[in-house]
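Residue numbers (my numbering): 750 to 1077.
C-beta: ideal position from N, C-alpha, C; glycine also.
These notes concern the structure reproduced below.
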């Protein structure tokens, strides 16, 4: 695993060397297209949260939800909108069982559209996200996982007939981040703390979270890293004077979650389905690296997710890879 992370970081660094000589920052970009892939193969497992796929478009402007900041009295700052399509896979640990262990996590697939509005100031970021989609067979998670496992000659998941039933989902997420600069803005190496807090409310998740990231790097202009089971996507800085020609950072972080509801553990809302006894307190730790040059950014995160339900033998580890292209 360490060798894989080292190779990835080295590859990203090599891809940016042609831009290191740039002395002037480029004109601020206004939009980005991003692809994200998350999988527990990076952690050597194949269970629980096992795969996440997503694509997103971010652009400057109010978008669908941006007018809500006016209602909240928040009129200062740059506004951005993100539109995403995301699919998540959850499975028990024994994929070979056609009738899965009823005390293990049930099979579940999620497919949703995400609509996020961001209010960004020089040192702070508010994000409000609406998720609308479906859980169950209509998510097509079964087909995607079986196709992937068949193609890569992995063991086949045999218990998808017992997945959660089709059900519409709708959820809101609010998150706030603030950047504390430990070193001066013009320091050759920057050190920053980014505390964050947020809450989920809806049929998928009812959850509160608080955490912090600590990072060290050169021109760490953005607001840190995130994952699909969080805000998902953050805008690249557009505030005047914060966008440099290139930069990088490494980071470590942690989040404490209080979980009142998790659809993938508690089961269907209106019909009977399999379920497990979830834990109310859920810790998470992560580390990773990000590098960008000109119009590209690449971020790798290794995430250690705590045990989510009673009887779960060990934590969940997975990797997250994000590629973004910036354009006007």
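Please say whether residue j and residue i have beta carbons closer to each other than 8 angstroms?
i	j	result
residue 867	residue 829	yes
residue 1073	residue 783	yes
residue 898	residue 904	yes
residue 852	residue 977	no
residue 1059	residue 1028	yes
residue 965	residue 938	yes
residue 790	residue 842	no
residue 1002	residue 960	yes
residue 860	residue 888	yes
residue 963	residue 942	yes
Just how far apart, CA to CA, sit residue i and residue j?
i	j	result
residue 882	residue 839	16 angstroms
residue 771	residue 1000	A caution first: residue 771 carries a pLDDT of 42, below 50, which makes its placement in the model too unreliable to give a value.
residue 886	residue 808	32 angstroms
residue 865	residue 818	12 angstroms
residue 703	residue 846	Residue numbering for the chain in the displayed model covers 750 to 1077; residue 703 lies beyond these limits and cannot be assessed.
residue 1026	residue 825	44 angstroms
residue 1071	residue 1015	30 angstroms
residue 1065	residue 1057	9 angstroms
residue 1041	residue 1052	21 angstroms
residue 957	residue 804	25 angstroms
residue 955	residue 980	14 angstroms
residue 909	residue 952	22 angstroms
residue 1068	residue 1046	17 angstroms
residue 974	residue 1048	8 angstroms
residue 1007	residue 902	38 angstroms
residue 915	residue 1010	18 angstroms
residue 934	residue 940	10 angstroms
residue 1043	residue 850	50 angstroms
residue 837	residue 821	32 angstroms
residue 798	residue 1019	23 angstroms
residue 985	residue 970	8 angstroms
residue 884	residue 917	6 angstroms
residue 906	residue 896	10 angstroms
residue 1063	residue 800	17 angstroms
residue 877	residue 926	12 angstroms
residue 1013	residue 1039	30 angstroms
residue 1036	residue 932	21 angstroms
Grab the span of the alpha helix (DSSP H) containing residue i for me, first residue to last.
i	result
residue 891	890-901
Hey, could you find the ends of the beta strand (DSSP E) residue i is sitting in?
i	result
residue 818	Careful: residue 818 lies outside any beta strand (DSSP E), inside the alpha helix (DSSP H) at 817-820.
residue 918	916-927
residue 831	827-840
residue 862	857-869
residue 1014	No beta strand (DSSP E) contains residue 1014, which is instead part of the alpha helix (DSSP H) from 1012-1015.
residue 1040	1030-1042
residue 1065	1065-1076
residue 1057	Careful: residue 1057 lies outside any beta strand (DSSP E) and carries neither H nor E.
residue 788	780-788
residue 965	954-967
residue 844	No beta strand (DSSP E) holds residue 844; DSSP gives it neither H nor E.
residue 934	It is not in any beta strand (DSSP E) - residue 934 carries neither H nor E in the DSSP assignment.
residue 884	873-884
residue 807	797-809
Hey, residue i and residue j are a contact pair by Cβ (cut 8 angstroms); roughly how many whole angstroms apart?
i	j	result
residue 997	residue 967	6 angstroms
residue 870	residue 1077	Contact flag wrong, Cβ pair sits at about 22 angstroms.
residue 857	residue 913	5 angstroms
residue 863	residue 833	4 angstroms
residue 1075	residue 873	So it is not a contact: roughly 21 angstroms between Cβ atoms.
message: I want to know whether the stretch 888-899 touches the stretch 943-958 - three or more CB-CB distances under 8 angstroms.
response: no
- prompt: Can you find at least 3 beta carbon pairs, one from the stretch 812-819 and one from the stretch 779-795, that sit closer than 8 angstroms?
  reply: no
field: Contact the stretch 921-932 vs the stretch 1024-1035: 3+ CB pairs below 8 angstroms
entry: no
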